[in-house]
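K.L.:
Protein chains: 4
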Amino acid sequence: MSKWMQEWSTEAVGPHKLKIAERRVPEIGEFDVLVRTTAVSLNYRDKLILESGMGLALTFPFVPASDMSGVVEAVGKGVTRFKAGDRVISTFAPVWLDGLRPGNGRTPAYDTLGGVHPGVMSEYVAFPEDWFVAAPKRLDAAEASTLPCAGLTAWFALIEKGHLKPGDRVVVQGTGGVALFGLQIAKAVGAEVIVTSSSGEKLEKALALGADHGINRLSEDWVERVYALTGDHGADHILEIAGGAALGQSLKAVAPDGRISVIGVLEGFEVSGPVAPLLLKSPVLQGISVGHRRALEDLVGAVDRLRLKPVIDKRYKFTEFNEALAHLDRGPFGKVVIEF
Amino acid sequence: MSKWMQEWSTEAVGPHKLKIAERRVPEIGEFDVLVRTTAVSLNYRDKLILESGMGLALTFPFVPASDMSGVVEAVGKGVTRFKAGDRVISTFAPVWLDGLRPGNGRTPAYDTLGGVHPGVMSEYVAFPEDWFVAAPKRLDAAEASTLPCAGLTAWFALIEKGHLKPGDRVVVQGTGGVALFGLQIAKAVGAEVIVTSSSGEKLEKALALGADHGINRLSEDWVERVYALTGDHGADHILEIAGGAALGQSLKAVAPDGRISVIGVLEGFEVSGPVAPLLLKSPVLQGISVGHRRALEDLVGAVDRLRLKPVIDKRYKFTEFNEALAHLDRGPFGKVVIEF
Amino acid sequence: MSKWMQEWSTEAVGPHKLKIAERRVPEIGEFDVLVRTTAVSLNYRDKLILESGMGLALTFPFVPASDMSGVVEAVGKGVTRFKAGDRVISTFAPVWLDGLRPGNGRTPAYDTLGGVHPGVMSEYVAFPEDWFVAAPKRLDAAEASTLPCAGLTAWFALIEKGHLKPGDRVVVQGTGGVALFGLQIAKAVGAEVIVTSSSGEKLEKALALGADHGINRLSEDWVERVYALTGDHGADHILEIAGGAALGQSLKAVAPDGRISVIGVLEGFEVSGPVAPLLLKSPVLQGISVGHRRALEDLVGAVDRLRLKPVIDKRYKFTEFNEALAHLDRGPFGKVVIEF
Amino acid sequence: MSKWMQEWSTEAVGPHKLKIAERRVPEIGEFDVLVRTTAVSLNYRDKLILESGMGLALTFPFVPASDMSGVVEAVGKGVTRFKAGDRVISTFAPVWLDGLRPGNGRTPAYDTLGGVHPGVMSEYVAFPEDWFVAAPKRLDAAEASTLPCAGLTAWFALIEKGHLKPGDRVVVQGTGGVALFGLQIAKAVGAEVIVTSSSGEKLEKALALGADHGINRLSEDWVERVYALTGDHGADHILEIAGGAALGQSLKAVAPDGRISVIGVLEGFEVSGPVAPLLLKSPVLQGISVGHRRALEDLVGAVDRLRLKPVIDKRYKFTEFNEALAHLDRGPFGKVVIEF
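Protein chains in written order, with UniProt numbering: chain Y, 1 to 340; chain V, 1 to 340; chain S, 1 to 340; chain F, 1 to 340.
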């Protein structure tokens, strides 16, 4: 094991500050594992944190990114869940193991990797064993790295909270990382999936991935199309990714007793919508911010048994981190991943 | 049984059109029951329908009001659930017996008494037996008439959907009919109840009814007070009655994994709020519009076994219907009821 | 429409009493529909009722069988859900529309077609419109007739009550009608399915239908095999069809927080099992007796959207009712259906 | 802080081996807290383990008992949840923090204090901070020590799993520690509580504690009495403590869609019952073995806010451990506690 490693970090919030540093491979404590990173998957949030800090108490030099796959190199003497050679993936919010979210009403928990906790754009990380989950057996490193945030968010919304069932009608807004996981997971559970997008080309690709219907948001009234496609039933579950006033459209499109999962970046914007459908159809509206470790383990099991393949728009090299970040602004179809 | 009866009705939407008419007591069909009305409880919605029609397909002459108690006078030959002499209360949305709501995404069901279906401001009504529930044994006629809409809305939000449990912290906004039922039901289940109001006098009365804490919305920052009263935990359940931009405050006050039940009149207004707490605390936000018959039966059982007494602000006579309607505009403390 | 029709009926409980009678096509009431039967699907329970009465208050002449598909011939003037020409299927327990079961603790509801209510082995039936559901569009009459009892039982256990999710491990005991629906529904939802049987030939057919694993109960210890196939995890859901002391094996095979759905004929037998796994793994053990109409509608929607094909072991003619009943004793692979 | 302490321990399984030993106060690791014990509450299971080992991999000298309250004396440098002076109670199954149970199908987790983990009949214990919960503010040390096992078991069955609601009818079998917590918690949530016992004297005391009805199992048919008390509805929830063939009675007494929580000692015995009510009433039958830490925190909050007082039959001194154990055989009314 080399004593030195490379990692991307920055000394201050703001664009254009990132550089590769040479640092010592970290030491591990009694309950830690040392993991050699094999891939990192990016989220738009990584870019927001680098640009604005998002109000988080970051530690500098700050290493960005939260989602990784890797191989265990060494374990502390108190470690029981892993051994050297195990393939693992990280968890996004590492103290949330199962059940209710940590934090309180005044101060919601947002203690994630690549934020309050250190990031993973590093050749090695040393974290408590509790922060990792066994990687799926059937995915390569890049694919596996997409599960902790994008995969789990879609799974947590549709399955853990949404109890999606065969025959349900699901609207997935867009074709980003969470959206395409939503499409794949909803199809896996036997749902009928309607994808909306402003790009005809992306809709074609979504249909090729298994979507039952595509709606071009620019040229069609998507709510009317959902009524038409479902015989006026509406959508049993909507993955609401746009947020803002678009929520009003989702409230119109949702079926009685349906569910709207609000998923989006953590900017200061508002959600708003008319109260009549909220009352008369009584949908559940729930914000979803990733999920707990147990659900990630469920997702890993499902991915293996269903041979589900995450959609990667482009794979970049370790040295191409800036190019990969820039790709996020262009609206990738699925995930953007760095291979180490 | 008299062949003629009196009922309040109107020939057109708009204020000041209501009058008492003399009409024949209706005939009953095979599955109907004839019920002599003993009390009618008013909701603000009754006033809105009389004034604007609320976009509903009303039949004229239109008899207003939806919530009644009465005594069965006669039953059709196919009737099995009731017999003459039984004390009953009406159901608000009579085709919704249990489980999921009727209607679809495009056209939410709003087929209620005193709306699409006939109202109950009549000395006798003849409705299908399925539209009634046995009245609680321990309440008088006026008290019993408050359950179908105000009582059930609070119960459906807190118990049927909310699974409230002992020790939970509940914020009840205001001191109207639904709010005071919310207070009483939440106390019955062992919750800690915080009432907000713009009236110090009403807060005193709410405390006398059992509320643990009162917050004056005008002189205090209620979100900060909720944090203080709960050690920053926040509210496990908020009965959100104000709606509109006030929802943003509720999103701040709610605990992680908490629940906000949006309850309000069916005006065209918007709800809006910041997305960050919606995502990071992942509360369930659900509009509640009354509930199904089985839950009303559960509420009746609970009312009897817990000796819960609905709060009636004032009882009016049959001839004082206009005065009772006018009372609704003054923000009653609990319910306004007409005794027959 | 012919004025006369044929139906199978019996004047008394006991074998060998069934015969075809010529009777008048029934009249319909205000809320009834007249349905021309196109297929009837048999359940083992039909045989038990004919042989023993099962303690039910039957009316003679008794027409057996509960599950049918047909075409609406005429509707009463109060009917709103169907019109002539509609393809429909029956519901097994017609008063149970949604939500909680009817009946009470002392006297559980068992008011089903072909039992307390009339049966369907008749060329025409006239029942309330509430007793029917629109047939799936993609199934023929024989296939559609298998949904009301066998299909719904599996769906109710796995989906409505069990919230089965992708990647879950399901054990299906046997290859009868409910079991094969269980296999197909579990596969549709992305679960991993293990079928147990005492017949190697049937296991081969179950694997061809999509089962992931087959266990021969005669030659293998099925609990040990389930441990081996799941890495000691156990089964997340077991469709327990054998009952009796076999429940003890299921308690051993179930995963922590798993679910055992007990499904079986209504003989007087006992279930029993060791208390230690019941306590330490805390599984939910729930008897399942078919389900409500709303769930049948969900199943119909799922069948259409998933193109799920019920498995029919053999199709008989109307005149071959006795031969079809005899087939039930030989352990059919899937369903036995009479085509009209 | 003294360097030496006293603790009860034994060198081998079997009666009459227990003695008080003088040992060094343990050292604490980075994430541990040192707690001075103030009270220990006994469970019948403590006796079974001392007498038979219950098949567990015990470490000798073995210190018995699992439920304690105490005061934090010192904390490791990585500890964040507690500080010196905090009043705490232990958790029974310390690795189960929230959500699903640990363990797997083959090997259910039973890693509890006073079992696989060390016990608490010691003046000081040094455990990871995760193993403790803040004690309720309104209970003395003896009362607080009764929550981790008996209190949490009743809470987990009725509230966390059972979602008990006002007006529900609950049958509590017996008057032991779990049973009396069940009585008190069910009353706190507004349920109607029926207690069964073989002792008229204990029934009187249960009624004085708030039970609505008492049934003497020796002189009455308790199932018939439950029917009579509930108008044939049956029991919505039964705390089944006897186990064995008694389960058959509970299956008869339960309401449709009701719940039977099986709670009992971990002997090898069987549960058994008739299948007909299991199918036709479709109750949920679930074994309950204590619960997770988050639910214990919920219980502590509820105890404080409801001013719930655990029932202690008798308080013993540290030196009277053998007398306290002997008391367990005589069927205490509530809990037996050792005060330090």
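C-beta: ideal position from N, C-alpha, C; glycine also.
Please report the straight-line C-alpha distance between residue 341 of chain V and V/W222, rounded to a whole angstrom.
P.N.:
The structure shown does not extend to residue 341 of chain V, since chain V is modelled only from 1 through 340, so no value can be given for it.
K.L.:
Just verifying my parser: in three-state terms, what is the DSSP assignment at S/K202?
P.N.:
DSSP places S/K202 in helix when its eight states are reduced to three.
K.L.:
Unbroken alpha helix (DSSP H) runs of length 4 or more, entirely within the segment 231 to 312 of chain V: which are they?
P.N.:
Taking only runs of at least 4 residues, the alpha helix (DSSP H) segments lying wholly in the segment 231 to 312 of chain V are 246 to 253, 275 to 280 and 293 to 306.
K.L.:
Note down the Cα distance separating Y/L203 from S/G258, rounded to an integer number of angstroms.
P.N.:
Roughly 39 Å between the two C-alpha positions.
K.L.:
Three-state secondary structure (DSSP) at residue 357 of chain S?
P.N.:
A question about residue 357 of chain S goes unanswered here, because the residues of chain S that appear run from 1 up to 340.
K.L.:
For the segment 49 to 79 of chain Y, list the beta strand (DSSP E) runs that are entirely contained and at least 3 residues long, ordered along the chain.
P.N.:
With a minimum length of 3 residues, the continuous beta strand (DSSP E) runs that stay inside the segment 49 to 79 of chain Y are 67 to 75.
K.L.:
Where S/A21 and S/P148 are concerned, what is the direct C-alpha to C-alpha distance, given to the nearest angstrom?
P.N.:
Distance between the alpha carbons of S/A21 and S/P148: 25 Å.
K.L.:
Is S/R100 close to chain V? Criterion is C-beta to C-beta, closer than 8 Å.
P.N.:
Just to set this straight, residue 100 of chain S is Leu in the shown sequence, not Arg. Judged by the 8 Å Cβ criterion, S/L100 is in contact with chain V.
K.L.:
Once you ignore the five residues that flank F/R294 on each side, which residues in its own chain have a CB closer than 7 Å to its CB?
P.N.:
Hits under 7 Å: L97 and D98.
K.L.:
Name the chain V residues whose beta carbon is nearer than 8 Å to that of F/E192?
P.N.:
Within 8 Å Cβ-Cβ: R305.
K.L.:
What does the alpha-carbon distance come out to for the pair S/N216 and S/S197?
P.N.:
For S/N216 and S/S197, the distance between alpha carbons rounds to 5 Å.
K.L.:
Residues in the same chain with beta-carbon distance under 6 Å from V/L41, minus the five sequence neighbours each way, listed in chain order, please.
P.N.:
A small correction: the amino acid at residue 41 of chain V is Ser; Leu does not occupy that position in the sequence shown. Closer than 6 Å at Cβ, skipping near neighbours: D67, S145, T146, K335 and V337.
K.L.:
Between the C-alpha atoms of Y/A39 and Y/E323, what's the straight-line distance to the nearest angstrom?
P.N.:
Cα to Cα, Y/A39 sits roughly 16 Å from Y/E323.
K.L.:
Which same chain residues, not among the five before or five after F/K77, have their C-beta less than 7 Å away from its C-beta?
P.N.:
The residues are E30.
K.L.:
In the DSSP assignment, find the alpha helix (DSSP H) that holds Y/H327 and state where it starts and stops.
P.N.:
Its alpha helix (DSSP H) spans residues F321 to L328.
K.L.:
So the candidates are V/G214, V/R36, V/V271 and V/L34; which of them puts its Cα closest to the Cα of residue 343 of chain V?
P.N.:
Outside the modelled stretch of chain V, which goes from 1 to 340, sits residue 343 of chain V, for which no answer is possible.
K.L.:
Should Y/L218 go down as buried or exposed, given a rule of 16 or more other Cβ atoms within 10 Å for buried?
P.N.:
It is exposed - the Cβ of Y/L218 has fewer than 16 other Cβ atoms within 10 Å.
K.L.:
F/D257 touches chain V at which residues, Cβ-Cβ below 8 Å?
P.N.:
Chain V residues near F/D257: none, gap ~11 Å exceeds 8 Å.
K.L.:
How many Å lie between V/H117 and V/L58 at the Cα?
P.N.:
Going by the C-alpha atoms only, they are around 8 Å apart.
K.L.:
Mapping DSSP to helix, strand and coil, what is V/L180?
P.N.:
In this structure, V/L180 counts as helix in the three-state DSSP scheme.
K.L.:
Closest Cβ-Cβ distance between F/L97 and chain Y: below 8 Å?
P.N.:
Yes, because at least one Cβ of chain Y sits closer than 8 Å to the Cβ of F/L97.
K.L.:
Against S/E51, what residues of chain F qualify as contacts under a CB-to-CB distance less than 8 Å, listed in chain order?
P.N.:
Going along chain F, no residue has its Cβ under 8 Å from S/E51, so there is no contact; the nearest lies around 17 Å.
K.L.:
I need the straight-line Cα distance from S/F181 to S/G331, nearest angstrom please.
P.N.:
If I take the Cα positions, the gap works out to 15 Å.
K.L.:
How big is the Cα-Cα spacing for V/E11 and V/S122?
P.N.:
Straight-line Cα distance between these residues: approximately 15 Å.
K.L.:
Which chain F residues are close to S/A186, counting only those with a beta carbon under 9 Å from its beta carbon?
P.N.:
The contacting residues do not exist; S/A186 stays about 17 Å from chain F at best.
K.L.:
Compute the beta-carbon to beta-carbon distance between V/L209 and V/V311, rounded to the nearest angstrom, for a pair I have assumed lies under 8 Å.
P.N.:
Going by Cβ atoms, the distance from V/L209 to V/V311 rounds to 7 Å, so yes, they are a contact pair.
K.L.:
With a threshold of 8 Å, are at least 3 pairs of Cβ atoms found where one atom belongs to the segment 167 to 184 of chain Y and the other to the segment 149 to 158 of chain Y?
P.N.:
Cβ pair count under 8 Å is three or more, so yes.
K.L.:
Cβ closer than 7 Å: which chain Y residues qualify as neighbours of F/R217?
P.N.:
Per Cβ cutoff of 7 Å: no residues; F/R217 is ~37 Å from chain Y at best.
K.L.:
Per the contact definition of three or more C-beta pairs closer than 8 Å, is the segment 134 to 142 of chain F in contact with the segment 289 to 308 of chain F?
P.N.:
Touching, per the Cβ criterion.
K.L.:
How big is the Cα-Cα spacing for S/W131 and F/V133?
P.N.:
One C-alpha to the other measures close to 54 Å.
K.L.:
Taking the alpha carbon of F/K252 as the point to measure from, which residue in S/G287, S/I238, S/R106 and S/D111 has its own alpha carbon closest?
P.N.:
Closest by alpha carbon: S/R106.
K.L.:
Are V/F321 and V/L50 touching if we call contact CB-CB under 8 Å?
P.N.:
Not closer than 8 Å, so no.
K.L.:
Output yes or no for whether 8 Å exceeds the beta carbon distance between Y/G85 and Y/V71.
P.N.:
Closer than 8 Å, so yes.
K.L.:
Does chain F have any CB closer than 8 Å to the CB of S/Q241?
P.N.:
Note that residue 241 of chain S corresponds to Ile in the displayed sequence, not to Gln. S/I241 does not count as touching chain F.
K.L.:
Could you tell me the alpha carbon to alpha carbon distance between V/G14 and Y/G115, rounded to whole angstroms?
P.N.:
Whole-angstrom Cα-Cα distance: 58 Å.
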